[in-house]
Structures are given as C-alpha cells and as structure tokens.
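Structure first, commentary second.
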Amino acid sequence: MYDNNNIEKLLKENRYEADSPDFFKVWKKFKRHKIEKTEEVYIMGKKNKGARVLVWLLSFMVIVGLAFFAITKINDAKRSEKIVSGEAILVTFVVGNVEISKMGSSAYRALYVDDTIEMGDSIKTGRSSFCEIQMVGRGVFRIEENSDLEIARLVNIDGKIDSRMKLGQGEIALTPRRTERGDTFEVETSVAVAAVRGTRFSVTSDEEGNVSVAVAEGIVEVKPNIASLYQAKEDGLISEGAVDILDKEIVIPVSVNKGEEVKLGKSEVDIMDRAIGSAIREVAQSEGPITEETLSVRTEVETEEVKPSISEKITVKTRENVNREVEVKIEEARTAGNQEEIVRLNRIAVAVAPEKSQRIETSSLVTKTELSEERVRKLDNVSQERLITDIVELVRFRIESQPAGAEVFIDNEKAGITPFSKNLVKGSKIEVKLVKDGFVEFSRIYEATTATMVVRENMVAKAVEPAADVVVEDTTDISETSDVVLVDETEIKETRIMPGDLEWNKSIRFTQDIKSPVVHRNRVYTTSGSELYILSLDGTIVNKVSVASGRNLSAPVIADNTVYMGSDRGGIYAYSLTGEKIWNNDQPGMALYDTSPGAGSGLVAAPSSDKGIKVFTKDGNLKASIDISEQIFSSPVIAANGKMLIYATERGEVIGYNLESGREAWKKDVYSSRIVSPIMGNNNVVAVFERGSGKLTGLNPNNGEIMWTRELAGAARARIAPVETGNRILVIDANETRLFVVNLNNGALMLSKAYPKISSFPYFSAANNTVYVGTANGQLHAYNLATQAEWSGNVGAGVAVVYGDADSAYAVTQSSMVKFFGKEKIVNQ
Amino acid sequence: MGIKDLSDTELISKMKGLDSDDAIYSDVFCQYANELYVRYFSQGYNIARYYGLRNDDANDAVQNAFIKVLHSINGFNLRKEFKPWFFKIVLNCVRDRYRELSRHNHIEIDKIEKISNDSFDKFHIKDTLNGIISKLPVKLREVVVLRVYADLSFNEISEALNVSVRQLHNRLNKAYELIRVSLEEGQ
C-alpha cells in the first residue's frame, strides 16, 4: 500500500507543531552566556583586565615552555647516553609493517625510524617489510621480512657489548664492528647459536626451525643450542656455572668461513638435545649434582689416573643414547626406503663419534654450501659503511607524496614506498626519485640539514597529451618542526568514487565576467575584460596576459595553434598557445557586439563595424579586405578548407565569399531578423542560428544551399549564444532552463532536456559523448548522449564555464575552479 | 526590503556585518536572530522529535543549537550554503542530547511500540511514525530527518553529513523501505 514516494509524503504531512517558538527565552540564554563570559574576565581583575590576563597567560606559558624544554632535553640526553653506551639500539630504517613490543608487554605497536629498542623488547616484521637497527658505532642489524626477534641481552656489567638476539623465525643479518673491546654478538634460535667477532653474517630460521647461517666476512662459530642443559639446570641437576662449561666442553662449534653458508636441521639438533639431556640425568644420578667444582676437580684427577671426567662421561652416555635412537630410526627409514633420512641419521652418528676428540662435532651435523647470490645481496645491506658512528649527526628524513604509495628510489636504488622514513647523516645529500603509474616521475636532491626533515611532494598526473605541455608544479614544503605526527602507513582504505564526487576545489579570481572558453590541449583559454587567461586543468592560472588595455576582448578562438581574439573596439589579436603575442592588427572603429574572429585553415577573419571584414593569414598578412556596408554582429566562419568565408549581416543575409576569387559567391536572404550569433560550422556544413525565431539552419558553404533546418521551441531570443564543439550544436533556450543538442552534420535533434536555471556555456565532449552544463544554483550536470546516464556535482556557486573529458569534469565560477570525477572507479586511499 | 524578504545568506551577511564589539548582543542582531528562529525552529524541533527526543528535550536541544549558531555566526563562510551548516549544528546538538539521555537510560531505546490498527487514526500516527523513525539505525535516521523535516536537497545533506549523494540515496531508500515494512506490519 505504500511506496517510497508516499512514505516521504506521509512523513512530511505529519510534522509536530512546535510550541510557540519562544525566541525571547533563547535570547535571554544567549545573553546570559555573554554575561558569564565577561564575569570570567572580571575575576582576573577589574582594572587593566586585558593586561593582567596577558601577564598571567604569559607567565603560565613561560613555565610550561621551560618545563617542556627541560623534560625534552633531559629525555634527549638520557636517550643519547643510552644509545652511545649500547643500552639502546637505534632504529634507522623501516619499510612496511614493522612492530615492536616493549619488555613485559604483549601488545605490539608500529616501529618508526628514530625509535630506540632496549633489552627485552621484541620486534616483528610483516610480509615484504624489513627494518634496520644500529648499535651506534658498534653494529648494524637488518631484520628481514616475516621475522620475529627478541633482544635478550645487550650489554654486560662492565659496559661491554654482550648482545644476544633470539630469532624465533625469519632472518637477521648483522655486521658487528671489528672491535678489540671483547664485545660479543650472538644470535640464538631454538636450534643453534651463532657467535661472532668482527664479521658480517646472517642467521635464518625457517618455520620448522631449521637454521642457516651465512657469512660474508670473517668467521662465525655455530653450534647447536642445547636446551636440555638449561632444563637440567632448572631440574637442579647441574649448577649455573656448570652449564656454561659443559656447553663449551661437550660440543665443538663449527667455524663458518667467509663465503660459506651452513644449514642445521632441527630434527638433528632435537635428537642430540634429547641424548645430552638423558646423559646428564644419568651422570648426575650416579655422580651427584654437577657443579663447577666437580667438573674442574675431576679434570685434574683425570690427568693422573686416566679416569674419565664428568664431561667425558656425559659425552659417552650421549653417544650411547644417540646411537640407540639412530639405530631404531635407521631401521625405520630402511623399511620405509627413505635413503635421505638414512644419510642424515648416519651424519648424527658420525658427529657423536669423532676420531680426534671425545666431544661432539657440530661440523658433522651441518651441511655447508657456498653463499647464494640472494644472501650476498642481502648481506650487502649491512656493510660497515652503513654504520653510524655518532648519534648527534643523524637527521631524520621523511618523505610523503600526494598521492601516497609512490616507489621511492634513493640514489637510483629502490628503497621503499611513500610514506617513507630514513635516517641520514647530517650534511649528506641524497637524490630521491618518486615513481608512480600515471604520474610524472619526480626527482629532487635533498640535503640533510635540519634535525628533522619532513617533505611532502605533490605528484602531477600525466597528461593525455604530450608531456611537453605539462607544467610540473612543485610544492615542496620543508618544515623544520621537531614534533612530527607520524601517519599510520599500514592502513589502506578502498573508496569507491562515483561520477560527480568532488576531486578538488581551488580558488581563482577573475576581475570581470569570463567569456565562453575554449579548451585546447589540456588548457582552458578564456578572456575576462582585457585579459587572456590560460588555465591548466589542475586549477592553476598558467598565464594571464593583458592583451588590449581598455578594451573588452571577445571570446577566444583557437585555430592553427594560435589564439585569436577580437575586441569591442575592433582589431584582432593573435597569441601563441602559451600566451606570447604573435601579432596584432589594431583596426580602428567600433564593433557594436564583441564578435570573435573566425579562424581556420591558416586564415583568420576579423569583422569590424565600419570596415567590413578583413582576412589575415595566420602570420598577420592581410589576405583580403571585404567592404560591407552593414554592421557585422556575428562571428564569421572560414569553411571549405579556407576557400569560403561565410558571414552574416544585420539584415539577416548570409553571404558566402570566395576567398580565392575575391568575390561574393552566394547570398541567402531567408532570414527575417538580423543574425547576431556566431556562425558555426566545419568545412562541409555551416549552421546559422536565427535568434529572433530560434531556428537553426544548416547550409552548404560552397553554394549556400540549405541542407537542413531545425526549429527549437523556446529558443527564440535566447540570451546565451549557441556553441559548437565536436560537431554538436548546443543551444540554450530563452528561459535558460533547457538544453538542445543538434547534430551539425544533419540537423538531427539529439537532446532536449530541462535543467534548473543554466548559467554557463554548455560543453560537449566527443571523448565520452557527454554534454555538460552548469547551473546558477551551483551544480554541474553531465549527460551522456549514448548511454543516457547522467550525474551532477555540487560546485557551490553559480557556474560560468564547464568542461569535461573522459575522466573528469571541470567547472569554473567567478571565484573558483572545481574538478569532479567523471567516471566510477575504486581508489586506495 | 524587510527582514522577511531577505534570503538566508543575506540575513547572515547582515548579522556578520554589524560592526561593534557587542554587535552580536545588540537589538538589531536580535531582530535578525529572531527571524532565523522563526524560519527554522519548527524544522529543528521536528528533527529532534523524530530523532527520538521528547518534547522538552527537543525544545532544549534546538534552543542550544540556536545559541551555538548565533555564537559562531561570525565564522560562517558566506560562500557556503546556510542550511547544511545550520542543520549540521542542530543535528549535532540533538545527537549529543540523545546520547546523553540514552546513557542515563532516560530513553528506552529498545522499546518497541505496539502498532495496532487503532493507533493508525489521525491522533496517533505521529507517535507511530516517531516510534518507527526513532528506532531506525542512526545513519538512516539522520538522513530521513534531514531530508523530510529539514527539507534539504541531497547535495545539502551530503554537505551536512559528509556522505556522498549516492550513499544518501541508498540510505534513504533503505530507510523508507524499513518504514514501509513497519507500517504494513502494523496494519
């Protein structure tokens, strides 16, 4: 029984009657508000209240300022102290999704450049993300994608670096600085420990726990991580000091040399670990708890009595345990026919039965290979040169782009995507290149000068036309604030853009009314008063040329790469597309109507009231001078490839003038009233609009034969002159509430559509077969002649000029230029 | 030209144009403010009521909105439309009051009014409609009240709510659909 229309009607009919709107009450409240306000001021002091308030305010600000300064300074000092001592690691480079969890907290937050990491913190990197952290002056670490890392230790009591990082999964590459200070760097995974002095290497732990260690410089010692030792300590079987001794005595680490990579399987280590665990248990049960003392005593005794030491006992037991397990497993593998497994198990058996010593050799457990290309490349990321040695010289550099998501190249190497942050050494220069599909490549050299550099660059969309015409606008803004709000770069929002959604709105001011514009090669040409305006489609005035001071220019006409304009006092002005004057011919005499010249085929015809029409070549040479006794109100047109000049007189005659023979070729006297609107047309058809009757007539320019006529109801006495673009004649009726579209070639009426009060010249875009009009109530309307789809956008003020192409639509008002999306699309924001 | 004949924008520009420290507390200003009040109080009141406020709260919220408007009139950009700006403030005040009340459980948000055939006579239809509209999801409710009771165009609502016109169409249709279903269920 209801549909949406009568629902709205029903709702509208049922309004509440408000109680007699008692404005006085509101006014009293409003005034009371004022009194309350003034009273607040009086509390501060009755006399000189302004000054008193100011003094209070100032002293308050000074105190707050000082406190803030002190706090930040103290924090800064503390922070640098920590960084220099190695208690804190500085984040120098972040790309993508990198998160940190501070010690004791399970929550992760985004990690940014210039943050510090301390002992107990954990770092997590996401897919295609990585971060670089540095112990200033001591080492560079790079955490690759999909990794998680815990900083277990950093410095010991003596202030020496005793760093141990626990890699849960993923990859870390590091270069500790060569040092004689006794610093140690260790990377631990659940399976292995890699320890180092002065090398460059990486540790990788895959999802199953298998580890590989790659070394680019120096030597790294790798050995299995014997978790059962720590378990035994927990169980009270061995003392804490004994753990370290046994750890060294039982297993011989393998040395990984420059250019080598070793892989250590988790299952091997697990077997080893279990065997050692039960060996320790057995020995501890027979010999009592193992401590540092028992270990050292037995060792001394051993030299005299040739009695096996505790550690030897453990090794022997371990060997037995391993062999037992391996035998069973080899049997299993044999029945399953798994040769690889047999080889692997044999390797474990070999590792526990070395020929030379009684200890377990890691070298037999691992597989050594040469360093792969990929590893070499990754390790190059952590070279010594990258090491920052002095914290004070760091500059935080951040680059943002509009739109975001551009690829960033630093010194021609891909570094990430915007927004992008990096620490630079103060005084250094970098060349930054931003690349994004559909945008002009951006490149610029920055010098790291201030403590914090934040640059925002606008990327200019590539023009459809040759790029030579595009002016790259550079709006660099280097702000020197120390407090930079970092934008969350991880969140990507998808937005559906509909036709008519606003893209931007820029303010432009014209001194006088603007004339019917011409759009040519992504530039809008229009005149206002005595000035020629050239606007780019990004809403900026590219050029504003004062053409003829004291005169009012006609609407511009563009032909043969030249902008032609007439004026209300006659004359003809030819300017280049960029706004340089080519020539002008200041014909004396007044034109009553500001008639545009007619141009085309290398010629331009300028009407003038008392001198008839003068035809010039595009270089400004007079080609023909036609004496006409009547006034010319309508812009003439050059047709038939420059052969014919068609003009109309005040008496309603249309005349075809043969420019080649210099004679009048034909004359049509079919109109009852004078013709004032510009004659429109191409080489084959010219159309004349008779304002008095609202009739359009199409004529053959060669012989004046009438090809078609079209009467448009309501178009008589139209104020806005018809315009022709792309072989479509657009006529606005006298009430300015209806738009007609007529095909120039055959006179067919393609559209008759009602609009609110139209205030702009209409525009037809052949690219998407769409007509655009602007209305006085501040709307831009688009209508697609083919699909009949329509949309509108809110401009905000009366529209004077509209223009559209396949992707966008533009509206120009007296004070602004607005761009709308013309196509539905989905964008990432 | 009398005050009554001025357009909203002209009215505001006159109010802004008053040139003295206390101009906004002057009698002249009061006259203009009164005119605004007469023009828009009833619409604001209806918005408040259909949003779900009771008589007194609705009166209060709209009066507060007016006070806010009068205080910030100097900041109004004359190049913009008045109505979207005004009703945005009204809606904000109404929304605030509504939230405040629902926090204190003064509004029984979940209360479903029984819609019987009897309630369909002239006397009750407002209550019925109110019952339906004030229980619409907020997003839909706001579009309905601005469209119906503030009589705004889609573009103006779009400006006030910062939502695209296309979305407004969808929301309004959805809202009308819900209202229709509720009404028909009640029959």
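Those protein sequence lines, which keep their order, are chains A and B. Last residue of the first sequence: number 852 in the working numbering, and the count goes up by one each step with no gaps. Last residue of the second sequence: number 230 in the working numbering, and the count goes up by one each step with no gaps. For every residue, glycine included, the Cβ atom is placed at its ideal position computed from N, Cα and C.
Interface partners of residue i on chain A, CB under 7 Å
i, result
"I222(B)", "I30"
"K169(B)", "N37 and Y39"
"L96(B)", "The premise fails here: L96(B) is roughly 11 Å from chain A at the closest Cβ pair, so nothing lies under 7 Å."
"N89(B)", "R38 and Y39"
Extent of the continuous beta strand (DSSP E) run through residue i
i, result
"F639(A)", "G635 to T640"
"K147(A)", "S145 to T148"
"L645(A)", "L645 to I649"
"P247(A)", "V243 to P247"
"Q837(A)", "Element bounds for Q837(A): n/a, residue is neither H nor E."
"S129(A)", "Segment: none, S129(A) is in no beta strand (DSSP E) and carries neither H nor E."
"G439(A)", "E436 to I440"
"A671(A)", "M667 to A671"
"T549(A)", "R546 to S551"
"L113(A)", "A111 to V118"
"L172(A)", "D171 to V178"
Within-8 Å CB hit, residue i to chain B
i, result
"D258(A)", "no"
"M158(A)", "no"
"G821(A)", "no"
"F53(A)", "yes"
"V841(A)", "no"
"L555(A)", "no"
"L80(A)", "no"
"N807(A)", "no"
Minimum Cβ-Cβ distance from residue i to chain A less than 8 Å
i, result
"F163(B)", "Bear in mind that the predicted position of F163(B) carries a pLDDT of just 46, short of 50, making it unreliable; the figure below should be weighed with that in mind. No, its Cβ sits nowhere closer than 8 Å to a Cβ of chain A."
"R92(B)", "yes"
"C136(B)", "no"
"A104(B)", "no"
"Y68(B)", "yes"
"R214(B)", "no"
"L49(B)", "no"
"F125(B)", "no"
"L113(B)", "yes"
"I110(B)", "yes"
"N198(B)", "yes"
Host alpha helix (DSSP H) of residue i (start-end)
i, result
"V214(A)", "Where V214(A) is concerned, there is no enclosing alpha helix (DSSP H), given that its DSSP letter is neither H nor E."
"E728(A)", "Per DSSP, E728(A) belongs to no alpha helix (DSSP H) and is neither H nor E."
"T52(B)", "D51 to G60"
"L402(A)", "E396 to D403"
"Q811(A)", "Where Q811(A) is concerned, there is no enclosing alpha helix (DSSP H), given that its DSSP letter is neither H nor E."
"M295(A)", "K289 to E310"
"P127(B)", "F125 to R146"
Per-residue contacts from residue i into chain A (C-beta, under 9 Å)
i, result
"Y141(B)", "Here the premise fails: no neighbours, minimum Cβ distance about 16 Å."
"K217(B)", "Chain A residues near K217(B): none, gap ~10 Å exceeds 9 Å."
"S85(B)", "R38, Y39, E40, A41 and P44"
"R122(B)", "G819, A820, S838 and S839"
"L172(B)", "L33, L34 and N37"
Per-residue contacts from residue i into chain B (C-beta, under 9 Å)
i, result
"G523(A)", "S207, V208 and R209"
"N528(A)", "Near N528(A) there are no residues of chain B at all, since even the closest Cβ is about 11 Å away, more than 9 Å."
Exposed unless 16 or more other CB atoms sit within 10 angstroms - verdict on residue i
i, result
"W814(A)", "buried"
"Q106(B)", "buried"
"G193(A)", "buried"
"M8(A)", "With chain A running from 24 to 852 in the structure shown, residue 8(A) is simply not present."
"P312(A)", "exposed"
"V114(A)", "buried"
"L615(A)", "Unreliable positioning characterises L615(A) in this predicted model, as indicated by a pLDDT of 41, which lies under 50. A coordinate reading is not provided."
"W527(A)", "exposed"
"K157(B)", "Here K157(B) scores only 44 on pLDDT, less than 50, and its place in the model should not be relied on; the value that follows carries that caveat. K157(B) should be labelled exposed."
"T836(A)", "buried"
"A790(A)", "exposed"
Beta-carbon neighbours of residue i, restricted to chain A and to distances below 8 Å
i, result
"R184(B)", "Residues of chain A passing the Cβ test: none, with the nearest at roughly 12 Å."
"V191(B)", "E31, L34 and K35"
Contacts that residue i makes with chain B (C-beta to C-beta distance below 8 Å)
i, result
"W50(A)", "C73, A76 and N77"
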